[in-house]
Amino acid sequence: METLTAQENSTAVDFLPLNGTDHVEFYVGNAKQSAYYYQKAWGYKLVAYAGPETGVRDRASYVLEQSKVRLVLTTSLDPASDISQHHMLHGDGVKFLSIWVDDATKSFEETVKRGAVPFMEPTRFEDEHGYVVISAIKTYGETVHKFVERSNYNGVFLPGYKAVTNAMAVEPVGLKHIDHCVGNVELGRMDEWVKFYEDVMGFQLLLTFDDKDISTEYSALMSKVVSNGNGYIKFPINEPAEGKKKSQIEEYIDFYKGAGVQHIAIEVHNILDTVGELRNRGVEFLYVPENYYDDVLDRVGDIEESIEDLKALNILVDRDESGYLLQIFTKPVEDRPTVFYEIIQRKGAKSFGKGNFKALFESIEREQEIRGNL
Ligand code: FE2
Numbered sequence: 003m004e005t006l007t008a009q010e011n012s013t014a015v016d017f018l019p020l021n022g023t024d025h026v027e028f029y030v031g032n033a034k035q036s037a038y039y040y041q042k043a044w045g046y047k048l049v050a051y052a053g054p055e056t057g058v059r060d061r062a063s064y065v066l067e068q069s070k071v072r073l074v075l076t077t078s079l080d081p082a083s084d085i086s087q088h089h090m091l092h093g094d095g096v097k098f099l100s101i102w103v104d105d106a107t108k109s110f111e112e113t114v115k116r117g118a119v120p121f122m123e124p125t126r127f128e129d130e131h132g133y134v135v136i137s138a139i140k141t142y143g144e145t146v147h148k149f150v151e152r153s154n155y156n157g158v159f160l161p162g163y164k165a166v167t168n169a170m171a172v173e174p175v176g177l178k179h180i181d182h183c184v185g186n187v188e189l190g191r192m193d194e195w196v197k198f199y200e201d202v203m204g205f206q207l208l209l210t211f212d213d214k215d216i217s218t219e220y221s222a223l224m225s226k227v228v229s230n231g232n233g234y235i236k237f238p239i240n241e242p243a244e245g246k247k248k249s250q251i252e253e254y255i256d257f258y259k260g261a262g263v264q265h266i267a268i269e270v271h272n273i274l275d276t277v278g279e280l281r282n283r284g285v286e287f288l289y290v291p292e293n294y295y296d297d298v299l300d301r302v303g304d305i306e307e308s309i310e311d312l313k314a315l316n317i318l319v320d321r322d323e324s325g326y327l328l329q330i331f332t333k334p335v336e337d338r339p340t341v342f343y344e345i346i347q348r349k350g351a352k353s354f355g356k357g358n359f360k361a362l363f364e365s366i367e368r369e370q371e372i373r374g375n376l
């Protein structure tokens, strides 16, 4: 059953104060073309670039922003590099979930002291705009958390990146900020990673979903949500559960070749406007059966939006004790059935849409079936 855990230690001293998500960096096969997709379809603005033209010899990186959401797309130029190896194994995927901190050195020391595996010692990078300190620790799979300290830096992104002044014109779609980032881990390892976030990063367990909440005929999973002290960072962790056929989490792990980031949820101002516009621009969303809407108001009560509008765009609704939320999920945004996005508009609700899991997973199963992976 779903269990909501109170944030008990909110008055205790937080050994790892976090200001929010700094950026999400993907390793992709062709960053130039991926950047075009995020600009044209999603309305991100290209703000910075690093590559051969700026003196970086082994990679090309594009920095895209919309409101507080910042993505970095990186492609290796060297087939022998770690980036190329990562891409060969995992396909396009998230390498860094980077967190904005006031003190990257202390963040590294406090987490490593508690058992984190170091990825990069605190390192100072500087250019004419000042300096940053970045450190990094490993998390599930080959995913890494960078700690980015940028209070002494006023450049466009980080040292090594040049501002892009001739970016193409884009139309934003109303993205506000990252709401949560979800990880898929191997069968039986969810509790281990929850414990990592609790012990090493001082996060608290916020919610638990077991397989009775999240199982359809075939696709079962279990999930626990951990959050940092101020609630700015929320990381749900999924693991597959036994079902009649293959769990969607297992499908992900088979194709990603291990644990990794499953989806990034982005909060928007007006989900009807955002999703209407994204659909016009060719972004693909999961299909929800029409009968989902037959009894949705019995389940969620009064909402401000018209059901017909939600139905036309396949937007889902759920309610908890604090309010309601509207959400929708894209199909995977690369050829492997791995990373996808959630668009979410919160109207008070603090939860994650448990009431929609059944409809959603049946929809995912249809896609798995088409791919021959059920
Ligand atoms: Fe989500």
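When the letters of the sequence shown are read in order and numbered with my numbering, they come out as residues 3 to 376. Virtual Cβ for every residue (Gly too), placed ideally from N, Cα, C. All of these numbers come straight from a predicted model, not from anything done at the bench.
Notebook entry, point to check: Can you give the Cα-Cα distance for Ile-309 and Asp-16, rounded to whole angstroms?
Noted result: 43 angstroms
Check: Hey, is Met-90's beta-carbon within less than 7 angstroms of any beta-carbon in chain B?
Finding: Absent from the structure: chain B. Only one protein chain is present.
Check: Over what stretch of residues does the alpha helix (DSSP H) that includes Tyr-199 continue unbroken?
Finding: 192–203
Check: Which residues does DSSP pair with Leu-66 in a beta bridge?
Finding: Leu-48, Leu-73
Notebook entry, point to check: What number of angstroms, rounded off, separates the C-alpha of Lys-356 from the C-alpha of Arg-72?
Noted result: 27 angstroms
Next item on the list: Could you tell me how far apart the beta carbons of Tyr-51 and Val-172 are, in whole angstroms, since I believe they sit closer than 8 angstroms?
Entry: Actually they are not in contact, since the Cβ atoms of Tyr-51 and Val-172 sit about 15 angstroms apart, beyond 8 angstroms.
Notebook entry, point to check: Does the Cβ of Glu-10 have 16 or more other Cβ atoms within 10 Å, making it buried, or fewer, making it exposed?
Noted result: Because the pLDDT at Glu-10 is just 48, under 50, the model does not fix this residue reliably, and the value given afterwards should be weighed accordingly. Label assigned to Glu-10: exposed.
Item checked: Arg-321: first and last residue of the uninterrupted alpha helix (DSSP H) it sits in -> It is not in any alpha helix (DSSP H) - Arg-321 instead sits in the beta strand (DSSP E) that spans 318–322.
Checklist line | Inter-residue spacing [alpha-carbon to alpha-carbon] between Ile-101 and Leu-189 | finding: 27 angstroms
Next item on the list: With Ser-365 as the anchor, note down where its alpha helix (DSSP H) starts and where it stops.
Entry: 359–373
Check: Among residues of its own chain, excluding the 5 on either side of Phe-205, which ones have a beta-carbon nearer than 7 angstroms to its beta-carbon?
Finding: Tyr-199, Val-228, Ser-229, Asn-230
Notebook entry, point to check: Thinking just about the alpha-carbon of each residue, which of Ala-261, Tyr-258, Ala-267 is nearest to the one in Leu-177?
Noted result: Ala-267
Next item on the list: Measure the alpha-carbon distance for Cys-183 versus Asp-296 and round it to whole angstroms.
Entry: 31 angstroms
Notebook entry, point to check: Lys-197: which of Pro-124, Ile-239, Met-90, Asn-232 sits nearest, CA to CA?
Noted result: Ile-239
Check: Based on the DSSP secondary-structure assignment, which residues constitute the bridge partners of Val-270?
Finding: Leu-177
Next item on the list: Reducing DSSP to helix, strand and coil, say where Asn-168 ends up.
Entry: coil
Note to self: Tell me which residue opens and which closes the beta strand (DSSP E) that Ile-345 is part of.
What the structure shows: 342–349
Notebook entry, point to check: For Asp-320, does the count of other Cβ atoms within 10 angstroms reach 16, so buried, or fall short, so exposed?
Noted result: buried
Note to self: Along the chain, where does the beta strand (DSSP E) containing Ser-86 start, and where does it finish?
What the structure shows: Note, Ser-86: premise wrong, no beta strand (DSSP E); alpha helix (DSSP H) at 84–92.
Check: Looking at the structure shown, is Pro-161 part of a helix, part of a strand, or coil, going by DSSP?
Finding: coil
Next item on the list: Answer yes if the region 80–94 comes into contact with the region 103–118, meaning at least three C-beta pairs across the two stretches below 8 angstroms, and no otherwise.
Entry: no
Check: Beta-carbon separation of Leu-274 and Asp-304 under 7 angstroms?
Finding: no
Item checked: Met-90 classed as buried or exposed, judged by whether at least 16 other C-beta atoms fall within 10 angstroms -> exposed
Next item on the list: Would you kindly report the start and end of the unbroken beta strand (DSSP E) that includes Ala-222?
Entry: 222–229
Next item on the list: Since I believe Phe-159 is in contact with Val-65 (beta carbons under 8 angstroms), could you give me their beta-carbon distance rounded to a whole number of angstroms?
Entry: 5 angstroms
Check: Mind checking Glu-123: buried by the 16 CB within 10 Å criterion, or exposed?
Finding: exposed
Margin query: As a quick exercise: from Tyr-38, Asp-129, Pro-174, Glu-371, pick the residue whose alpha carbon is nearest that of Gly-272.
Written below: In the sequence as displayed, the identity of residue 272 is Asn instead of Gly. If we check each option's Cα against that of Asn-272, Pro-174 comes out closest.
Check: Under a criterion of Cβ closer than 6 angstroms to any non-hydrogen atom of the ligand FE2, which residues qualify, in chain order?
Finding: His-182, Val-184, His-265, Ala-267, Glu-344, Phe-354
Note to self: Quick check: Glu-241 and Val-187, are their CB atoms within less than 7 angstroms of each other?
What the structure shows: yes
Checklist line | Where Leu-315 falls: helix, strand or coil (DSSP) | finding: helix
Item checked: Counted within 10 angstroms of its Cβ, other Cβ atoms place Asp-24 as buried (16 or more) or exposed -> buried
Margin query: Going by C-alpha to C-alpha distance, which of Lys-247, Arg-338, Ser-353 sits closest to Gly-325?
Written below: Ser-353
Next item on the list: Would you grab the beta carbon distance between Ala-106 and Phe-149 for me? Rounded to a whole angstrom, and I think it's under 8 angstroms.
Entry: 4 angstroms
Check: Would a C-beta distance cut-off of 7 angstroms place Asn-156 and His-179 closer than the cut-off?
Finding: no
Check: If you draw a straight line from the C-alpha of Ala-62 to the C-alpha of Leu-18, how long is it?
Finding: 32 angstroms
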